[in-house]
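*Asks:*
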Ligand code: HMG
Ligand code: MG
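See below:
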């Protein structure tokens, strides 16, 4: 199959990227990161999450971050909300999109959001209804779509099942997430195929963590199926506090470099993106976890 001509990237660095950082990142740094990302041409930014500050302290400044962003026209801002309490707080901050997050693994659902898969769907139902009623779009994340830190390998049928449950409550789009980055191309394709039994190709995205260095290969394998939407994280930041050992998301810089090489349009300025990655990496006192960023930064040194 021909590769898609256009790809949409959802930048999840400010949320997935930072949620796992132990050192507090002040709201003004998160806001500056969002500003730099939108200046680089990212048009979809997952900014923060409205979850319990006891569970994820790093996201406790969610409202402050949302309020501090200078919104740019043409950019959509999404936030995570696992329940009605989160949604009610989120909606006051005027997001464009709400993300509910479930899992294909029972054990991970319990660890991450403290309820079963079935209970999570009942918690999402009123969130989805309220969001749609207010004209917001609703995306769902299906965690552990390939493997689970507690249950091991996850069968594609489990992904199809959660996709069906999400579809039935009105979730408009699902992200197939390899939370712990154990996927390899064929396995990821099978998980995407499972989601495609319920959602169309325009309604699914890939969300790949890079723990085993497979995220770019998995991205290419998804492109070869016609999947054209991906979550990526600047400087390869990321991880989930409830998925021990999992590292960051695939780096936005690496995916943009790949797409440029394939002649696929993203509208993203790679140099500005590298600067955004360097900005947040400098703050965190480490090097960007992106091969493309490292190469381009080295090249600048001459
Ligand atoms: P719970 O304890 O079952 O909730 O947590 P509860 O309804 O029983 O309430 C208990 C306390 O939490 C109460 O406070 C509530 O007010 C508070 P208390 O009376 O004890 O002071 N509470 C909240 N506070 C703020 N915002 C809320 C909220 N809800 C309840 N929305 C809950 C359930 C889901 C809240 C909890 O388990 C939680 O916050 N989990 C966070 C999980 C998380 O953020 N994980 C990371 C994001 S998912 C991810 O990274 C995966 C993804 O990237 C895809 C992939 O890679 O797989 C998306
Ligand atoms: Mg993630």
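In the working numbering, the protein residues as written are -14 to 287. C-beta atoms are modelled at their ideal positions from N, C-alpha and C, and glycine is treated no differently. No experiment lies behind these values; they were computed from the predicted model shown.
Closer than 7 Å: is that where the CB of residue 162 sits relative to any heavy atom of the ligand MG?
*Replies:* Taking the first residue of the chain shown as 1, we reach residue 162 at position 177. Residue 162 Cβ: within cutoff of the ligand MG.
*Asks:* If you compare alpha carbons, which of 19, 55, 165 and 109 is closest to residue 224?
*Replies:* Indexing the chain shown from 1 puts residue 224 at position 239. It is 165.
*Asks:* Return the chain-ordered list of same chain residues with a C-beta closer than 6 Å to the C-beta of residue 129, the five sequence neighbours on each side being excluded.
*Replies:* As a working mapping, residue 129 is identified with position 144 in the chain shown. Answer for residue 129: 88, 89, 90, 93, 139 and 164, listed in chain order.
*Asks:* Is any heavy atom of the ligand MG found at a distance shorter than 7 Å from the C-beta of residue 195?
*Replies:* Residue 195 sits at position 210 when you count from the first residue of the chain shown. The answer is no for residue 195.
*Asks:* Which runs of the alpha helix (DSSP H) spanning at least 4 residues fall entirely within the segment -14 to 26, listed in chain order?
*Replies:* Counting whole runs of 4 or more residues, the segment -14 to 26 contains the alpha helix (DSSP H) stretches 12 to 24.
*Asks:* Run the CB neighbour count on residue 43, radius 10 Å, all protein chains shown included, and call it buried at 16 or more, exposed below.
*Replies:* For the purposes of this step, residue 43 is taken as residue 58 along the chain shown, with counting starting at 1. That one is buried.
*Asks:* Only counting the same chain, and skipping five residues up and downstream in sequence, which positions put a Cβ closer than 7 Å to that of residue 186?
*Replies:* Your numbering for residue 186 matches position 201 in the chain shown. For residue 186, where only same-chain residues beyond five positions count, the Cβ hits under 7 Å are 211 and 212.
*Asks:* Pull up the CB-CB distance for residue 228 and residue 134, whole angstroms please, since I reckon it's below 8 Å.
*Replies:* Within the chain shown, numbered from 1, the residue matching residue 228 stands at position 243. Within the chain shown, numbered from 1, the residue matching residue 134 stands at position 149. Right, the Cβ-Cβ distance comes to about 5 Å (below 8 Å), so this counts as a contact.
*Asks:* CB of residue 71 to nearest heavy atom of the ligand HMG: below 7 Å?
*Replies:* Here residue 71 refers to the residue found at position 86 when the chain shown is read from its first residue. Checking the Cβ of residue 71 against the ligand HMG gives yes.
*Asks:* Within 10 Å of its beta-carbon, does residue 9 have 16 or more other beta-carbons around it, so buried, or fewer, so exposed?
*Replies:* Taking the first residue of the chain shown as position 1, residue 9 is located at position 24. Result: exposed.
*Asks:* State yes or no: is the C-beta of residue 99 nearer than 7 Å to some heavy atom of the ligand MG?
*Replies:* Counted from its first residue, the chain shown places residue 99 at position 114. It does not: the Cβ of residue 99 is nowhere closer than 7 Å to a heavy atom of the ligand MG.
*Asks:* Below 8 Å, how does it come out for the segment 258 to 268 and the segment 15 to 32: are there three or more Cβ pairs, yes or no?
*Replies:* Taking 8 Å as the limit for Cβ pairs, the verdict is that the segment 15 to 32 does touch the segment 258 to 268.
*Asks:* Can you round the beta-carbon distance between residue 34 and residue 4 to whole angstroms, since I take them to be within the 8 Å contact cut?
*Replies:* What you label residue 34 is simply residue 49 of the chain shown in a count that begins at 1. What you label residue 4 is simply residue 19 of the chain shown in a count that begins at 1. Yes, residue 34 and residue 4 are in contact; Cβ-Cβ is about 7 Å, under 8 Å.
*Asks:* Measuring CB to CB, does residue 70 end up less than 8 Å from residue 250?
*Replies:* As a first step, residue 70 must be located in the chain shown, where it is residue number 85. As a first step, residue 250 must be located in the chain shown, where it is residue number 265. It is not a contact, given that the beta carbons lie outside the stated cut-off.
*Asks:* Per DSSP, what kind of secondary structure is residue 94 in: helix, strand or coil?
*Replies:* Translated into positions along the chain shown, residue 94 becomes position 109. It is helical.
*Asks:* Return the CA-CA distance between residue 83 and residue 280, expressed in angstroms with no decimal places.
*Replies:* Residue mapping note: residue 83 aligns to position 98 of the chain shown, counting from 1. Residue mapping note: residue 280 aligns to position 295 of the chain shown, counting from 1. Roughly 35 Å between the two C-alpha positions.
*Asks:* To which residues of the same chain is residue 226 closer than 8 Å at the C-beta, ignoring the five residues directly before and after it?
*Replies:* Taking the first residue of the chain shown as position 1, residue 226 is located at position 241. The answer, listed in chain order, is 4, 5, 40 and 41.
*Asks:* On a CA-only basis, which of 1, 171, 47 and 160 is nearest residue 13? Give me that one, please.
*Replies:* By 1-based counting over the chain shown, the position of residue 13 is 28. Closest option to residue 13, Cα to Cα, is 47.
*Asks:* Based on the DSSP output, what are the partners of residue 188 in its beta bridges?
*Replies:* Translated into positions along the chain shown, residue 188 becomes position 203. Bridge partners of residue 188: none, in fact.
*Asks:* May I ask whether a heavy atom of the ligand MG can be found less than 7 Å away from the beta carbon of residue 129?
*Replies:* As a position in the chain shown, residue 129 is number 144, starting the count at 1. No, the Cβ of residue 129 stays beyond 7 Å of every heavy atom of the ligand MG.
*Asks:* Assuming residue 152 is part of the alpha helix (DSSP H), what are its boundary residues?
*Replies:* In the chain shown, residue 152 corresponds to position 167, counting from 1. Per DSSP, residue 152 belongs to the alpha helix (DSSP H) from 141 to 153.
*Asks:* With a threshold of 6 Å on Cβ separation, who are the neighbours of residue 254 within its own chain once the five nearest residues in sequence on each side are excluded?
*Replies:* The residue you call residue 254 lines up with position 269 of the chain shown. Counting only Cβ-Cβ distances below 6 Å, and skipping sequence neighbours, we find 25 and 26.
*Asks:* Between which two residues does the beta strand (DSSP E) carrying residue 215 extend?
*Replies:* Here the question's residue 215 lines up with position 230 in the chain shown. Counting along the chain, the beta strand (DSSP E) containing residue 215 begins and ends at 214 to 217.
*Asks:* Tell me the rounded alpha-carbon separation between residue 284 and residue 230.
*Replies:* Translated into the one-based positions of the chain shown, residue 284 becomes position 299. Translated into the one-based positions of the chain shown, residue 230 becomes position 245. In a straight line, the C-alpha of residue 284 is about 32 Å away from that of residue 230.
*Asks:* Could you give the DSSP three-state label for residue 204: helix, strand or coil?
*Replies:* Mapped onto the chain shown, residue 204 falls at position 219. Residue 204: helix per DSSP, three-state reduction.
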